[in-house]
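A.B. asks: Read in order, the letters of the sequence shown correspond to residues 95 to 429 in the working numbering. Quick reminder that beta carbons are idealized off the backbone N, C-alpha and C, glycines included.
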Amino acid sequence: MLRFGLAVMNDFPPDAVPARRVPLIREQVRAARDAGISSIWVLQHYLGGMPTLQPLPLLAALAEDAGGMRLGTNMFILPLRHPVEVAEEFATLDHLTGGRAVAGFGMGYRENEFASFGIPMEHRLGRYEEAVALIRRLWSGERVTFRGEHFRVDDQRISLPPVQPGGPPVWIGAGPHRTGALRAARLGDAWIVPPHVTPEKLRTLLGHHRGERERLGLGPSELVVRRELVLDRDRERARAVGIAARGALTRKYAEYNAPQQGEAYRHLRGDRAAEEVADASYLFTDPAGAVAALKALEADGFTHVILRAQWYDLPQEQVLRTLELFKDEVLPAFA
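1) Roughly how many angstroms separate the alpha carbons of residue 274 and residue 160, rounded to a whole number?
2) With a threshold of 6 angstroms on Cβ separation, who are the neighbours of residue 374 within its own chain once the five nearest residues in sequence on each side are excluded?
3) Suppose you measure from the CA of residue 282 to the CA of residue 380; what does that come to, to the nearest Å?
4) Can you list, in chain order, the stretches of the alpha helix (DSSP H) that have 4 or more residues and sit fully within the stretch 272 to 302?
5) Nearest by alpha-carbon distance to residue 132: which of 152, 335, 157, 213 is it?
6) Quick one: is residue 354 buried, meaning 16 or more other Cβ sit within 10 Å of its Cβ, or exposed?
7) Mapping DSSP to helix, strand and coil, what is residue 96?
8) Report the option in 418, 389, 170, 412 whose CA atom is closest to the CA atom of residue 398.
9) With a CB to CB cut of under 8 angstroms and the five nearest residues on each side skipped, what residues in its chain are close to residue 218?
10) Shortest alpha-carbon distance to residue 340 belongs to which of 107, 405, 102, 229?
11) For the stretch 300 to 357, list the alpha helix (DSSP H) runs that are entirely contained and at least 4 residues long, ordered along the chain.
12) Quick check: what's the CA-CA separation for residue 378 versus residue 314?
13) Would you mind stating whether residue 206 and residue 350 have Cβ atoms separated by less than 9 angstroms?
14) Report the option in 428, 306, 421, 270 whose CA atom is closest to the CA atom of residue 125.
15) Helix, strand or coil, according to DSSP, for residue 133 in the structure here?
16) Just list the residues that DSSP pairs residue 166 with in beta bridges.
17) Mind checking residue 256: buried by the 16 CB within 10 Å criterion, or exposed?
18) Report yes if the C-beta distance between residue 186 and residue 137 is below 9 angstroms; otherwise report no.
19) To which residues of the same chain is residue 228 closer than 8 angstroms at the C-beta, ignoring the five residues directly before and after it?
Encoded structure:
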């Protein structure tokens, strides 16, 4: 059965005061909970032009509003942090949420973040892979000796083993290319695919991912794709609202370097390209259009779709309307 998550907006326009947005985030989480959405997700960035609530304190604050939903990071920038610290912090979140934490780990891409942390960009892949391995071992609760190129631990045990045996599931954020698909297959319990990838490209990438899992003898994993969502009974109005709000965020993000300048990142190159990506991959549509697109993803083998329904200055009322339509006219098709 296809399951759904909601990525709530935790990075805001430059003039926003995030403290005033927290009650609105709580309202969205409760609406998602009541709509039958199964998980809540928040992102991470440092520095930059958009005030951003950091993910782990925010998820802990939202745990009561979320009820039984899972709470995850999409994505936590793993190479910027020491894995011992990350293991302890996610274990803490797991305790605060009653064993409902999900560790979504990404590599990051903004040069200013790495430079400010004093970490060379060329070390990010090595640090990422070592950190995933070390964190998993620490979450076992056993004593760990680890000697890598970037991290070293000598006969130590985590102070707080997570509630979930073996720790929170590790969901890998990796780029929409063959290398990313193979990395996610090798390291993760799930792969989170970015929202701008077209359905045709998704099928190719899934083939790489499944082939690598089979080669390694790992069996199938969760397959997760992100999708941007605006619903309205008037399809053209939904498209206009979504393109305007998502476009404002895209232009702000484009002030910082994209992870690469290939075809996969066309959505960062001008308004027309962004509209083409929206029409091919986003769900700016009516409920029937959303059902059809989501059914196609389900048929391709995806197990989760993480939906984002707010960007930049899109008002709260529009988000709540989208969630209401999703509850009443989309989710019943997947019961």
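C.D. replies: According to the structure shown:
1) 31 angstroms
2) 292
3) 34 angstroms
4) 272 to 281
5) 157
6) Unreliable placement is indicated for residue 354, whose pLDDT of 44 sits below 50; the coordinate value is still reported in the next sentence. So residue 354 ends up on the exposed side.
7) coil
8) 389
9) 173, 201, 202, 208
10) 405
11) 329 to 347
12) 31 angstroms
13) yes
14) 421
15) strand
16) 135, 196
17) buried
18) no
19) 177, 178, 181, 238, 240, 242, 245, 247
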